[in-house]
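Take the sequence shown: its letters are residues 1 to 317, numbered as in the working numbering.
Please read the structure below before turning to the comments.
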Amino acid sequence: MQARLAVGLDAGGTSSRAVLIDETGAVLGTGASGPANPVGGDREIALSNMALAFQRALGGIDPAEVGSVCVGTAGALSLTEEVRELSADLKRRFATDCEVQVVSDAVIAFAAGSSASDGTVVVSGTGAVAFAIRDRTPDLRSDGYGWLFGDAGSGFWLGREAVRAALRHIDGNGPGGRLVEAIIAAIAPEHRRSGALVAKCMADPPVRLSRFSALVCEAADGGDPVAESIVARAVGHLAESVSYVVDRELPIVMAGSLLTRPTPIAALLQERFRLVYPKAGISKATDPAIGAAWMAASAFVTDPDARVRLHRQLAWR
Numbered sequence: 001m002q003a004r005l006a007v008g009l010d011a012g013g014t015s016s017r018a019v020l021i022d023e024t025g026a027v028l029g030t031g032a033s034g035p036a037n038p039v040g041g042d043r044e045i046a047l048s049n050m051a052l053a054f055q056r057a058l059g060g061i062d063p064a065e066v067g068s069v070c071v072g073t074a075g076a077l078s079l080t081e082e083v084r085e086l087s088a089d090l091k092r093r094f095a096t097d098c099e100v101q102v103v104s105d106a107v108i109a110f111a112a113g114s115s116a117s118d119g120t121v122v123v124s125g126t127g128a129v130a131f132a133i134r135d136r137t138p139d140l141r142s143d144g145y146g147w148l149f150g151d152a153g154s155g156f157w158l159g160r161e162a163v164r165a166a167l168r169h170i171d172g173n174g175p176g177g178r179l180v181e182a183i184i185a186a187i188a189p190e191h192r193r194s195g196a197l198v199a200k201c202m203a204d205p206p207v208r209l210s211r212f213s214a215l216v217c218e219a220a221d222g223g224d225p226v227a228e229s230i231v232a233r234a235v236g237h238l239a240e241s242v243s244y245v246v247d248r249e250l251p252i253v254m255a256g257s258l259l260t261r262p263t264p265i266a267a268l269l270q271e272r273f274r275l276v277y278p279k280a281g282i283s284k285a286t287d288p289a290i291g292a293a294w295m296a297a298s299a300f301v302t303d304p305d306a307r308v309r310l311h312r313q314l315a316w317r
């Protein structure tokens, strides 16, 4: 008998990625496309990009053969009427016979790191947020308010703090060093004036400051005191966000580029979690699209032990 097929799709604000798996955990195809934020962005573009990623993952396989689909996207925090309409629209776009489950991107991030139904997920990428997950649904929330009101400990926050340190140094109010010089060189090497740095940064969208997060991490790894201070404060902010939503004995999943890659922030935050929450399993998320695919396959892999084995196989690939 042919193995049943499932598709998981991570619809992100900068790109989208779909993964086709079967019930044994074999990855049969992947597909990528452009940004897809159907809740807060251009709906038509989002739907088109999600459909393209879906089609690319399937290759030549008939969509009617897919038994389950799960899509994770920002803004889908509850089963509102808008989300139900989105599910129906995607079913038509995908040309599938099965229902399309639409969940929060925080849910698939948690599923990419844990097979449990309850726990905590903390995300730090361009933005930052922490959620309590209950029955694979977002519950309590901390931060994730965007660059203007929050996202403390995010890539944007790191970049902003790095530029602030460079501005203070130029004006004689703060120390220099590796990070400060790297920021000045990246923004306005020919004009070592605070006004020039401000003007260059203000000409870009605010979230573009997140591109400097890599400079902060590199400088911190190299022992730069300014960078180390920024990293320590970022870890403090993320840990504080988690403290508002965490159940101390349930799994904690770290997600987002700053927490899944080998950064000093990830290392320090993981160490803190292990000390503060010794009974909670700490893990890092894999590909969120894999988490979505596992959630999709859970529709027909109903035995709890089989679900755990499937999750383990997908996580170890």
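Note that CB positions come from ideal geometry on N, CA and C, so glycine has one too.
Model, not experiment: these values are computed from the prediction.
Check: Is DSSP giving R141 helix, strand or coil here?; Outcome: strand
Check: Quick check: what's the CA-CA separation for I183 versus V242?; Outcome: 30 angstroms
Check: Which first and last residues belong to the alpha helix (DSSP H) in which Q101 is found?; Outcome: Run containing Q101: none in the alpha helix (DSSP H); it sits in the beta strand (DSSP E), V100 to S104.
Check: Can you name the start and end residues of the alpha helix (DSSP H) that F131 belongs to?; Outcome: Run containing F131: none in the alpha helix (DSSP H); it sits in the beta strand (DSSP E), A128 to R134.
Check: In three-state terms, what does DSSP make of G8?; Outcome: strand
Check: Which word fits Y244, buried or exposed, when buried means at least 16 other C-beta atoms lie within 10 angstroms of its C-beta?; Outcome: exposed
Check: Report yes or no: do three or more beta-carbon pairs, one from the stretch 28 to 44 and one from the stretch 124 to 138, lie closer than 8 angstroms?; Outcome: no
Check: Nearest to A53 by alpha carbon, out of E82, E65, V27 and V7?; Outcome: V7
Check: Rounding to the nearest angstrom, what Cα-Cα distance links R309 and E218 in this structure?; Outcome: 37 angstroms
Check: By how many angstroms is the C-alpha of S124 removed from the C-alpha of D335?; Outcome: With the chain covering 1 to 317 only, the question about residue 335 has no answer from this structure.
Check: Is N173 buried or exposed, if buried means 16 or more other CB atoms sit within 10 Å of its CB?; Outcome: exposed
Check: Under the assumption that V107 contacts G72 (Cβ atoms under 8 angstroms), give the Cβ distance between them as a whole number of angstroms.; Outcome: 6 angstroms
Check: Check the C-beta distance from E280 over to P251 and give it rounded, since I have them as a contact under 8 angstroms.; Outcome: Checking the sequence, you will find Ala at residue 280 rather than Glu. Indeed, because the Cβ distance is near 6 angstroms, the residues count as touching under 8 angstroms.
Check: Please state the DSSP three-state secondary structure of A255.; Outcome: strand
Check: Taking 8 angstroms as the cut-off, decide whether the C-beta atoms of A255 and A285 are in contact.; Outcome: yes
Check: Within a Cβ cutoff of 8 angstroms, which residues of the same chain sit near V163, ignoring the five residues on either side of it in sequence?; Outcome: I183, I187, L197, C201, L209 and F212
Check: With which residues is L86 paired in a DSSP beta bridge?; Outcome: Beta-bridge pairing links L86 to no other residue.
Check: Looking at the secondary structure, which residues open and close the alpha helix (DSSP H) in which D22 lies?; Outcome: Not the alpha helix (DSSP H): D22 falls in the beta strand (DSSP E), residues S16 to D22.
Check: What would DSSP say about L310, mapped onto helix, strand or coil?; Outcome: helix
Check: Have a look at the DSSP bridge pairing and note the partners of C217.; Outcome: Note: C217 sits in no beta bridge, so no partner.
Check: Buried or exposed for G59, going by 16 or more other Cβ atoms inside 10 Å?; Outcome: exposed
Check: Whole angstroms are fine: how far does the CA of G12 sit from the CA of P38?; Outcome: 10 angstroms
Check: Please state if the CB of A64 and the CB of A18 are separated by a distance shorter than 8 angstroms.; Outcome: no
Check: Nearer than 7 angstroms: is that true of the beta carbon of I290 relative to any heavy atom of the ligand NAD?; Outcome: Inclusion of the ligand NAD in the displayed structure is not the case, the ligand content being empty and no account of it being possible.
Check: Taking 8 angstroms as the threshold, find out whether the stretch 294 to 303 comes into contact with the stretch 16 to 30 through three or more Cβ pairs.; Outcome: yes
Check: Quick check on DSSP: helix, strand or coil for A162?; Outcome: helix
Check: Between the Cα of W316 and those of V253, A112 and V129, spot the shortest distance and give me the residue it belongs to.; Outcome: A112
Check: Under 7 angstroms Cβ to Cβ from G177, same chain only, skipping five residues before and after it: list those, please.; Outcome: D224, P225 and V226
Check: Just confirm the distance between the C-beta atoms of W157 and A234, as a whole number of angstroms; I'd bet it's less than 8 angstroms.; Outcome: 7 angstroms
Check: What alpha helix (DSSP H) runs, 4 residues minimum, are completely inside the stretch 156 to 213?; Outcome: 178 to 187 and 194 to 202
Check: Could you tell me which residues DSSP puts in a beta bridge with T30?; Outcome: V19
Check: Would you decide whether P264 is buried or exposed? Buried here means 16 or more other CB atoms lie within 10 Å of its CB.; Outcome: buried
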